[in-house]
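*Asks:* Line by line, the protein sequences are chains A and B. First residue of the first sequence? That's 1 in this note's numbering, and the numbers climb one at a time after it. First residue of the second sequence? That's 289 in this note's numbering, and the numbers climb one at a time after it. Think of the CB as a built atom: it goes at the ideal place given N, C-alpha and C, for glycine as much as any other residue. Values in this document were obtained by computation on a predicted structure and should not be read as measured data. Structure incoming, see below.
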Amino acid sequence: MQQTTTEQLVIVTPGETIMEDNEGYLLGHGTYLDDDNRVVASKCGIVERISQYISVKPLQSRYMPRDGDVIVGRISKLTHSSWVVDINGYQDAILRLSSVNIATTQRRKTYEDSLNMRALFVEDDVIVAEIMDSKKFVSLQTRSARYGKLSKGIFIKVKPMLIKPSHNRFHTFSFGTEIIIGANGYIFIRQFDPQRERVAKQTNPFSLGHTVKQEEEEKKVNQQPVVNSQEHMINMIRVRNAVAALDKLLLPIHPDTILKVVEASRTLEPKYMIEHEHMLTMTASIRS
Amino acid sequence: TFKKKMIKLSNDEKSFIKQSIKHNLREDGRERLSYRSFSVELGTFAQTNGSARVTLADTDVIVGIKAEVGKVHPNFPDEGIIQLEVECSTSVSASFEGRGGEEMASNLKRMLSLLLSRHGSPLYQQLCIIPNQLCWILHIDCLIVQSQGNLLDCLSFAIRAALQHTTLPKVNATELLPEEEDVQVGEETFMDMNTQYELELEGDGDPESVMHLDISQFPIVISFGISEGSSIYVDATLREEACTGARLSIAINEAAHVCSIEKFGTSIRPDMVVSCLTFAKSIAKEKLDRLNEAVSREQKKQRELHMVPVFS
């Protein structure tokens, strides 16, 4: 998305004229040409102009699932052999019992397993999973040890359009906070746990999205002395407020942008990050 | 209750949030007794007698007040009438299942009526035109534009600000003798079963001849959540509201007098009630100062612009 400053963001409603004359511009989603050759919006959203292409990007859009996307979801209900998961899409996704990693060894799920589904995930639990198939209905899998239930952290919801495509949804900052940016706009922030990472790597040597850069970063985190939990909590709050600020100002949500906002916020106490004037100052470098 | 349909939290998240409240470091970094910043805008609607918009971070409400002349309530013959309505905008209702939005709005209306309407207060008495006969009827209409927690407090700030902004024309009512039947243009005639009145705008409709309402005793609401029996906090976000069982709302005015206390949800220890009352006094004073400051700033601005209120 071509980045414009917040002041230049033009928000339109259906029927509003975007341009008086289409002047050789290509018209994309959310626009149409009326009888007087004017470019008119057909959706509520932001006008996006990339060289000769004009479109209207809706502000409140739901997530469109794609195969292979890593998402954060919330269990909506249980059936006899699967979980129904809210993924911020137009429909809920299915996580089948057969797609879940119960033990380190792969085995067929038994009748007892289906009775014990609640031992794994119950309603309202937050999980991280990968989209397996999104053709007829969306199905998820949590076969990697990196996937599964998320706890001891902060959940926050942002607009899916602000999340850029990325092969790695798990990111750990140097100060020990881990963030999982679901492609669907659901985000989970928690403390990085080296033990958990070791287990994940051991049980699944093919775990995707584990870049060399992340390994180096993790080495750095492991070598740091154990910080008290209050400081960890403050860092998590800073990340959470940074994400909220980026969401409020319609800026891309990516570990780089989040880090910039967190660094800019170091002079403030975390609670002031939620105020509008401070949101603007912290994100100034991103908006320019 | 209706709120639980809107925000879903896992047991892990609930315990995390409760712990964060207990350790005085909430999810957004605030301390327990810390409010989010609020802003006040007056005169949102020109066609009302008074209006205000208050935002508490992302919680956004608008209040408009319209006045009409009517018959007094038989139980309160020397007072005026105040009717409160709360409506949920469609964008907020959409996030509820079924009629959750309406349910929330009617609950808020009930709570606000309990907390704010005090017969015998100067406000009600000021609205009387002719005892036993005529009075002003104020219609206070509240619209919830956005909800991110703590609607009750936010609505009370907005109602008070709108009342402070409200102007009513000064009227003289004279009893009509039975023979007089012709009505002159420019005057209103109020028909009553027993007596007929003629209403006249004082000063012949001079815009300067208006009455401001005496809201010196009108309270604002400070709502407390009590988490895990002993962690008292204010200005809950939606997520915090969803994991707090016990809530206490205190209506308190400028004189630091408690006008009303309402308790919702699960049980509270009596000493918690006392603590909340103590906190409410200092918090309310700060909020009231801010509100009064915002109102006087706005009124000064209007005087400088020679803006005059318009009434039908």
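Just to make sure I have the definition right: I need the residues of chain B whose C-beta is within less than 7 Å of the C-beta of P270/A. Which are they?
*Replies:* Near P270/A (Cβ distances below 7 Å), the residues of chain B are G317.
*Asks:* Which of the residues in the region 339-352 of chain B, read from start to end, lie with their CB under 7 Å from any CB of chain A?
*Replies:* A345
*Asks:* Find the residues of chain B that neighbour D125/A, judging by a C-beta separation of less than 7 Å, and give them in chain order.
*Replies:* S298
*Asks:* I need the straight-line Cα distance from K589/B to T554/B, nearest angstrom please.
*Replies:* T554/B has its alpha-carbon roughly 46 Å from the corresponding atom of K589/B.
*Asks:* For a contact defined as C-beta to C-beta under 7 Å, what are the partners of K152/A on chain B?
*Replies:* D300 and F304
*Asks:* I'd like to confirm the pairing. Which residues does DSSP put opposite S515/B in its beta bridges?
*Replies:* S519/B
*Asks:* Would you say V39/A and N22/A are within 8 Å of each other, going by their C-beta atoms?
*Replies:* Closer than 8 Å, so yes.
*Asks:* Which residue from L565/B, A345/B, N420/B and S444/B puts its Cα closest to that of G352/B?
*Replies:* Distances from the alpha-carbon of G352/B to those of L565/B, A345/B, N420/B and S444/B put S444/B closest.
*Asks:* Mapping DSSP to helix, strand and coil, what is S563/B?
*Replies:* helix
*Asks:* Using the beta-carbon of each residue, which ones in chain B are nearer than 8 Å to F137/A?
*Replies:* None at all; the shortest Cβ gap to chain B is about 21 Å.
*Asks:* Express the C-alpha separation of G30/A and L97/A in angstroms, rounding to a whole number.
*Replies:* 40 Å
*Asks:* By Cβ distance, which residues of its chain are closer than 7 Å to L565/B, with the 5 residues on each side in sequence left out?
*Replies:* The answer, listed in chain order, is I538 and V546.
*Asks:* What's the call for E319/B, buried or exposed, on a 16-neighbour Cβ count within 10 Å?
*Replies:* exposed
*Asks:* Considering only DSSP beta bridges, list what Y63/A is partnered with.
*Replies:* Beta-bridge partners of Y63/A (DSSP): G89/A.
*Asks:* Suppose contacts are defined by Cβ-Cβ distances below 8 Å. Is I350/B in contact with L431/B by that definition?
*Replies:* Cβ distance < 8 Å, so I350/B and L431/B count as in contact.
*Asks:* Kindly provide the ranges of any alpha helix (DSSP H) runs that are 4 or more residues long and lie completely inside the region 402-458 of chain B, ordered along the chain.
*Replies:* 410-414 and 439-453
*Asks:* Starting from A544/B and walking both ways along the beta strand (DSSP E), at which residues does that stretch end?
*Replies:* It is not in any beta strand (DSSP E) - A544/B carries neither H nor E in the DSSP assignment.
*Asks:* Can you give me the C-alpha to C-alpha distance between Q60/A and M499/B, rounded to a whole angstrom?
*Replies:* 45 Å
*Asks:* Tell me, please, whether the CB atom of R585/B is closer than 8 Å to any CB atom in chain A?
*Replies:* no
*Asks:* Strictly under 8 Å for the Cβ-Cβ distance: is S325/B near chain A by that measure?
*Replies:* By this cut-off, S325/B is an interface position.
*Asks:* In or out: Y53/A buried (at least 16 other Cβ within 10 Å) or exposed?
*Replies:* It counts as exposed.
*Asks:* Do three or more CB pairs link the region 159-173 of chain A to the region 182-191 of chain A at distances below 8 Å?
*Replies:* yes
*Asks:* So for I503/B, helix, strand or coil by DSSP?
*Replies:* coil
*Asks:* Buried or exposed: where does E373/B fall if 16 or more other Cβ atoms within 10 Å of its Cβ makes it buried?
*Replies:* Only exposed fits E373/B, as fewer than 16 other CB atoms lie within 10 angstroms of its CB.
*Asks:* Report back the beta-carbon spacing between V243/A and V158/A to the nearest angstrom; my notes put them in contact at under 8 Å.
*Replies:* Yes, V243/A and V158/A are in contact; Cβ-Cβ is about 6 Å, under 8 Å.
*Asks:* What does E178/A pair with, by DSSP beta-bridge criteria?
*Replies:* Residue pairing from DSSP places E178/A in a beta bridge opposite T172/A and R190/A.
*Asks:* Here's the rule: buried if 16 or more other CB atoms are within 10 angstroms of the residue's CB, otherwise exposed. What is N88/A?
*Replies:* N88/A comes out buried.
*Asks:* Quick check: does the Cβ of G388/B come within less than 7 Å of any heavy atom belonging to the ligand PLP?
*Replies:* The ligand PLP is not part of the structure shown, which contains no ligands of any sort.
*Asks:* To the nearest angstrom, how far is it from the Cα of L274/A to the Cα of L259/A?
*Replies:* Residue identity differs from the one stated: residue 274/A is Ile in this sequence, not Leu. Their backbone Cα atoms lie some 16 Å apart in a straight line.
*Asks:* Can you find the residues in the same chain that come closer than 7 Å, C-beta to C-beta, to Q141/A, ignoring five residues on each side of it along the sequence?
*Replies:* S99, A129, E130 and M132
*Asks:* Of all the alpha helix (DSSP H) runs that stay within the bounds of the region 227-286 of chain A, which reach a length of 4 or more residues?
*Replies:* 229-248, 255-264 and 276-282
*Asks:* Does any residue of chain B bring its CB to less than 8 Å from the CB of R240/A?
*Replies:* yes
*Asks:* Once you ignore the five residues that flank K213/A on each side, which residues in its own chain have a CB closer than 8 Å to its CB?
*Replies:* Its pLDDT being 48, under 50, K213/A is placed unreliably in this model, and the value from its coordinates should be taken loosely. For K213/A, where only same-chain residues beyond five positions count, there are no Cβ hits under 8 Å.
*Asks:* A543/B and K569/B - do their beta-carbons sit closer together than 8 Å?
*Replies:* no
*Asks:* L526/B by DSSP, collapsed to three states: which one?
*Replies:* helix
*Asks:* Looking only at its own chain, which residues have a Cβ that is under 8 Å from the Cβ of R414/B, when we skip the five neighbours before and after it?
*Replies:* Here residue 414/B is Gln; the residue named in the question, Arg, does not match the sequence. Closer than 8 Å at Cβ, skipping near neighbours: G368, M499, L501 and D502.
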